[in-house]
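Residue numbering for the sequence shown follows UniProt numbering, beginning at 1 and increasing consecutively. The beta carbon of each residue, even a glycine, is placed where N, CA and C say it ideally should be. These numbers were taken from a predicted model, which means no experiment stands behind them.
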Amino acid sequence: MSKGRVLIDADACPRQALLTAQALCKELDWICLTFASYNHQIGNANHVTVDAGPQAVDMKLANETSSGDVVVTQDIGLAALILGKRAHALTPHGMVFDPERIAFHLEERNEKARYRRGGGRTKGPAARTREDDQRFAESLRFLMERGE
């Protein structure tokens with residue numbers, strides 16, 4: 001019997017993070033579910049394909065999430081929905097979203113969007129590093145072993 005589930009927003013998940021999550025799920029006997037639009041084909045028996053509409057993957061993933069699940073996403077809005085369902089959320093870079101700080105992250109996202117709408121430019125994500133891979137593996141393992 002599986003101990004839990006890891007759900008992955010595979011539309012924007014780096015390949016190495018996806019492979020790490022799948023390996024940890026196999027090691028700890030968890031189910032690994034990936035969600036992506038039909039534009040991203042993932043070779044996985046537990047893959048859910050949705051249409052390419054805006055937010056389609058996020059909404060399907062949010063609807064499928066249950067208390068205690070671990071969700072891998074870079075989307076702060078989706079992370080807020082996940083935390084509201086008493087599940088855990090982390091980024092592929094290993095940052096765990098904390099219920100006490102999610103409002104800050106949402107406000108920061110809104111401020112950056114407002115700045116961009118006004119013609120400003122913000123930096124994109126930094127290139128992925130080995131430290132990111134290690135931090136992700138450690139954070140995911142921590143959430144899975146905690147098993148709340």
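Taking C-alpha positions only, alanine 113 is separated from proline 125 by approximately 15 Å. Contact check for histidine 47 against leucine 61 fails: the beta carbons are separated by 9 Å or more.
Put simply, of Ala56, Leu106, Ala89, Ala52 the residue whose alpha carbon is nearest the alpha carbon of serine 67 is Ala89. When the Cα atoms are used, glutamate 145 and valine 72 turn out to be separated by approximately 16 Å. In the DSSP assignment, the residues bridged to threonine 49 are Ala36. Taking 8 Å as the upper bound for CB-CB distance, valine 6 and valine 70 are in contact here, some 5 Å apart. Residue environment analysis places glycine 120 among the exposed positions, since fewer than 16 neighbouring C-beta atoms fall within 10 angstroms of its C-beta.
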